[in-house]
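Protein chains in written order, with the working numbering: chain A, -13 to 567; chain B, 5 to 237. Beta carbons: idealized from backbone N, C-alpha and C, even for Gly.
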Amino acid sequence: MIHKHDLIIVGAGLAGLRAAVETSGYADVGVISKLFPTRSHSGAAQGGIAAALGNEEHDTVEWHIFDSVKGSDYLGDQDAITMMCTEAPDAVYELEHLGVPFSRTKEGKIAQRQFGGHTKEVIDENGNSKRMPVLRACYSADRTGHVILHTLYEQCVKRNVRFYSEYFILSLIIEEGICRGLTAFNLLDGEIHTFHSKAVMFGTGGYGRAYRVTSNAYANSGDGVAIAFRAGIPLEDMEFVQFHPTGLYPLGILVTEGARGEGGYLKNKDGERFMKNYAPTVMELAPRDMVTRSIQTEINEGRGIDGKDFVNLDLTHLGAAKLKERLPEITGFAKTYVGIDPVKQPIPILPTAHYSMGGIPTNLYGNVLADEKGTIVKGFFAAGECACVSVHGANRLGTNSLLDAVVHGRRTGKTIVKFLRDAELMPIPENAEEKDRAMFAKLYATTSGENADKIRVRLKEEMTNKCGVFRNEKDLLSMLDTIHELKEKFKNISMMHKGVVFNTELMEIIELGNLLEFSDAIVTGALARKECRGAHWRVDHPKRDDENWLKHTIAFKTEKGIELKYKPVTILNYQPQERKY
Amino acid sequence: MKVTLSIQRFDPEKDEKPYRKDYTIDVDPAFRILDCLDKVKWDIDGGLAYRRSCSHGICGSDAMMINGKNMLACQVLVQDFKKKFIKIDPIPSMPIIKDLVVDMDSFFAKYEVVKPYLIAKTQPPVKERYQSQEDRALIDEAVNCILCGACSASCPSLWSNDAYLGPAAMLKAYRFAFDSRDDAQNERLDVVDSPDGLWRCHTIFNCVEVCPKEINITWHLSQLKKKCAMREL
């Protein structure tokens, strides 16, 4: 079946829905999502969305820009960061106008809390300037993503946006450098559909599911990233994977940084607030990459609780009332999953794969780029976690992700509206579905072969151990071998269930193919980058190397394997300095 | 430890009607029921169908009936059950698509009926609209709804009358009717103050008992009822 729309948006998280709100008045929009829209993982974001509103104390956009640049370990493009932080206040006010129920200050303004790496400039008694945590994260208790996601979906309902829920994308249709649509299958009946459109936008989210310990949803299998890569689009800075410092032990479920923003302590087995040894000025509110390495170091050096691989997040001094008001969701998680009441006992935590800084390269307007020179792929757009603008560089600051998704969802929507004014529906080849049909036919015909779960478990386990918080050449080489071996096995994969109705095994096999596809790019990029920058930490090259590595990785899929090229970082006001907190 | 899941299965491509099948598996006591389902799916029968995504109770995908009570499979652990024989069924009163996957179209159609979006009839200010902490507190619980459907699928009033909008849609109506920024109170009350609306709620409290976000839905509906009654005075 062929569906025609002006614009097809893939993904119904914050970026996709914000773009749908922006474009639906001007164009015929269809939104494809592998889940019902409100199930998207943006809804799991807890702590807040950054904007220098200055509602609780003095704050400036300039400070937000500086913090994001420094937080990115200078790999973020400063034009993109400047734009995002400058547009942040308006983007947040707009969300409020659309109905987002933010928590409020006493005067009734949007409430704000502290978050890691977000600072203000303070002049101390000796006249020296120093940076201290600032109240910048606009929040709704610890359910900020949830309320924004639901509000944007509500606005889509109001605007009669057409949704294709539980459709899973298979391939992009790009001919002569112009994107003309895509193919997807309907989970309900296994039928392959073609979506023919003047423009395609991806807001398909991140790729944390390649790791065993992760805060990511099952759905975060980097489908958009892998499908773009397969269609000849390069991927940028894939080696930068953020490990969130506080995943609930042992599953890795997110415990918001807002818990530290509200005053929580990190403690090792001796009850010591060990962050004083790593980031003496901002302590627990250092950026995520630093806190994560500090925790992992404590664990590796035997100072985990009871010698196990976790440390404690202590909120007991905050009091029951504050936890109930500000952090109810994580209080609930702790009770449900580890039987701990955070009012009385500390929460066991460990680093967890959380956010993908890398992704599909775009310019500031959401156009997808075909190469390191900035050539635009006509008709193809991307925003949010699947995209790499790059506003996060080597390490994203907490609460900048919701901001990224909303600001770029909106900006990309505006770009698309302009693009559609004189875009035409370009013809698509008659055999657009052929490759996908052949792939399905093979899966349905194979009666014995490799087990998907075994491949998946091994990939995730080894990615966690060999391409995680601390990396080295030997492990990365071994990981690359594993990926190549698993890719070979995957060719001979066997599907147990041969039905067509809601065949989630089929979906999981396609997801596994996607995990393997982009993991190769993560590891290849990580192996080549011989330095430490942000979330990419090479113990065998233990320094940041601006002379050789202040540049973005651009990975291309070629017949001979992955080829790496590089492009310069845009630097405006802030020259790289040593990163200390 | 060993646990037996007794799962209601139904494959429309093969089966005329649903049947039960038992699976005994070896699990960690700290496994979520969702992890147990994954184990059955990955080790024994790839065809077992259920929805899931976030796996920690915020996306609302995996509402199902576990030992007779609607709950999220990701929010309950094996060790929470005394008996290690656990019955799993799809949430009731919705058509079954396959196994534990139900057709939620009518659930979402009802959600859309209550105009689930802010209607503000004045031009917004340059910055945010102000809202007092007291006004924000009125909707504090209602905005936590994850649309999992556990409440509506447990509601006897809805079982006996398909047309009843049900607790989830009513809670959404409350969420906007009690938002100090909303200007469409009358329109909203017209929708719920109707034959298939609010008055079908007989305060049975099943919804409250099953809500995985611990929202006191019946209380919210009673506040809406009060508002409707006051309007008529």
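Check, Outcome
"Name, please, each residue of chain A whose Cβ falls closer than 7 Å to the Cβ of G1(B).", "Chain B is shown from 5 up to 237; residue 1(B) falls before or after that span and cannot be answered."
"Tell me which residues of the stretch 16 to 31 of chain A have at least one Cβ-Cβ distance to chain B shorter than 7 Å, keeping chain order.", "L21, T24, R25, H27, G29 and A30"
"Are at least three pairs of beta-carbons, each pair with one atom in the stretch 321 to 333 of chain A and one in the stretch 215 to 230 of chain A, less than 8 Å apart?", "no"
"Taking the alpha helix (DSSP H) that D30(B) falls in, what are its first and last residues?", "Per DSSP, D30(B) belongs to no alpha helix (DSSP H); it is in the beta strand (DSSP E), Y23 to D30."
"Which value, in whole angstroms, describes the spacing of the CA atoms of V108(A) and N114(A)?", "8 Å"
"Use the C-beta contact count for T278(A): other C-beta atoms within 10 angstroms, 16 or more gives buried, fewer gives exposed.", "buried"
"By alpha-carbon positions, which one of E497(A), N437(A) and L502(A) ends up nearest to D467(A)?", "L502(A)"
"From the DSSP output, in three-state form, read off I210(A) for me.", "According to the sequence as given, residue 210(A) is Gly; it is not Ile. G210(A) falls in the helix class under three-state DSSP."
"Under 9 Å Cβ-Cβ, which residues of chain A neighbour Y134(B)?", "R90, E93, G94 and K95"
"Are the C-beta atoms of I62(B) and some chain A residue less than 7 Å apart?", "yes"
"Would H182(A) and G194(A) qualify as a contact pair, given that the criterion is a beta-carbon distance under 7 Å?", "no"
"Nearest-angstrom Cα distance between R423(A) and S58(A)?", "42 Å"
"Taking its Cβ as the centre, do 16 or more other Cβ atoms sit within 10 Å of Y23(B), making it buried, or is it exposed?", "exposed"
"From which residue to which residue does the beta strand (DSSP E) around K106(A) run?", "Q98 to I109"
"Alpha helix (DSSP H) containing R515(A): first to last residue?", "From DSSP, R515(A) is part of no alpha helix (DSSP H); its letter is neither H nor E."
"Beta carbon of V227(A), beta carbon of I(-6)(A): below 7 Å?", "no"
"Got a sec: which bits of the stretch 126 to 155 of chain B sit with their beta carbon under 7 Å from any beta carbon on chain A, in order along the chain?", "P128, K131, E132, R133, Y134, Q135, S136, Q137, R140, I143, V147, N148 and L151"
"Can you give the beta carbon distance from V44(B) to K119(B), rounded, assuming they're within the 8 Å contact cut?", "Incorrect: roughly 41 Å between the Cβ atoms, too far for contact."
"How many Å lie between G499(A) and K473(A) at the Cα?", "8 Å"
"Could you name the residues of the same chain whose beta carbon sits closer than 8 Å to that of K125(B), not counting the 5 residues immediately before and after it, in chain order?", "D187 and A188"
"On a CA-only basis, which of T385(A), S480(A), G352(A) and H50(A) is nearest E436(A)? Give me that one, please.", "S480(A)"
"Output needed in chain order: residues of the stretch 126 to 156 of chain A with a Cβ under 7 Å from some Cβ in chain B.", "R129, H132, V133, E140, Q141, V143 and K144"
"Restricting to Cα atoms, I'd like to know which of H60(B), C40(B), G51(B) and L52(B) is closest to A31(A).", "H60(B)"
"According to DSSP, is S161(B) part of a helix, a strand, or is it coil?", "helix"
"Can you list the residues of chain B that L299(A) reaches, using a CB-CB cut of under 9 Å?", "Going along chain B, no residue has its Cβ under 9 Å from L299(A), so there is no contact; the nearest lies around 16 Å."
"Using the beta-carbon count (16 or more within 10 Å), is N263(A) buried or exposed?", "exposed"
"Output yes if chain B places a C-beta closer than 7 Å to the C-beta of F488(A); else output no.", "yes"
"Measuring CB atoms only, is the stretch 124 to 139 of chain A touching the stretch 90 to 105 of chain A, in the sense that at least three cross pairs come out at less than 8 Å?", "yes"
"By Cβ distance below 7 Å, which residues in the same chain neighbour T130(A) in space, the five residues on each side in sequence not counted?", "A31, Q32, G33, G34, I35 and L388"
"Does the separation of the CB atoms of T338(A) and H230(A) fall below 7 Å?", "yes"
"If you draw a straight line from the alpha carbon of L174(A) to that of A53(B), how long is it in whole angstroms?", "11 Å"
"Let me confirm a value: I(-12)(A) is counted as buried when at least 16 other C-beta atoms fall within 10 Å, else exposed. Which label applies?", "exposed"
"Output needed in chain order: residues of the stretch 422 to 442 of chain A with a Cβ under 7 Å from some Cβ in chain B.", "D439"
"Hey, how far is the Cα of M569(A) from the Cα of R519(A)?", "In the structure as shown, chain A starts at -13 and stops at 567, and residue 569(A) therefore has no counterpart that could be examined."
"Is the Cβ of A53(B) closer than 7 Å to any Cβ of chain A?", "yes"
"Can you tell me whether V118(B) is helix, strand or coil according to DSSP?", "coil"
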